[in-house]
Amino acid sequence: MATVKINKIITIESNPSNTLLETMEQAGLEPEYNCRDGHCGACRCTLLSGEVEYVGFAMAYTQSNEILPCICKAKTPVELSDVNYQPKAKRA
Ligand code: FES
Numbered sequence: 001m002a003t004v005k006i007n008k009i010i011t012i013e014s015n016p017s018n019t020l021l022e023t024m025e026q027a028g029l030e031p032e033y034n035c036r037d038g039h040c041g042a043c044r045c046t047l048l049s050g051e052v053e054y055v056g057f058a059m060a061y062t063q064s065n066e067i068l069p070c071i072c073k074a075k076t077p078v079e080l081s082d083v084n085y086q087p088k089a090k091r092a
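full-length UniProt numbering numbers the first residue of the sequence shown as 1 and each following residue consecutively.
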């Protein structure tokens, strides 16, 4: 298990069998996504530190410090910024 720090606010544990997008969802966040397959770039965020492993082919444009969480997993503890997400809406 590697830790995933998001926008310097939240730290969650990654499950090695899940992509970073799935990891965020399981932690109760609602990160932005569309294709979940590396095409659209909706999930794009910045990798501040750590290493990720791609499990799919990135078709969307990324800068050298950006990743697509829908198709990569954490290889080491990672720190991400510019993640667009909503906390899951709490039901009253
Ligand atoms: S959701 Fe489309 S590239 Fe990640």
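For glycine and all other residues, C-beta sits at the position ideal for the given N, C-alpha and C.
Values in this document were obtained by computation on a predicted structure and should not be read as measured data.
Worksheet entry | Proximal residues to serine 81 (C-beta, below 6 Å), its chain only, five neighbours per side dropped | Asn7, Thr46, Leu48
Fill in: Where glutamate 51 sits in the DSSP three-state scheme
Glutamate 51 carries a coil assignment under DSSP once its states are collapsed to helix, strand and coil.
Item to complete: Look up proline 87 in the DSSP assignment and give the residues it is bridged to.
Response: Secondary-structure assignment with DSSP links proline 87 through a beta bridge to Leu29.
Worksheet item: If you draw a straight line from the alpha carbon of tyrosine 33 to that of alanine 60, how long is it in whole angstroms?
Response: 12 Å
Worksheet item: What does a CB cutoff of less than 7 Å around valine 55 pick up in its chain, not counting 5 residues either side in sequence?
Response: Thr19, Ile71, Cys72, Lys73
Worksheet item: When burial is assigned at 16 or more other CB atoms within 10 Å of the CB, is threonine 23 buried or exposed?
Response: It counts as buried.
Worksheet item: Under a Cβ-count criterion, where at least 16 other Cβ atoms within 10 Å of its own Cβ denotes burial, should isoleucine 67 be classed as buried or exposed?
Response: buried
Worksheet item: So, is glycine 28 buried or exposed, given that buried needs 16 or more other C-beta atoms within 10 angstroms?
Response: exposed
Worksheet item: Going by DSSP, what residues sit across from leucine 80 in a beta bridge?
Response: BP columns for leucine 80 point to Ile6, Leu47.
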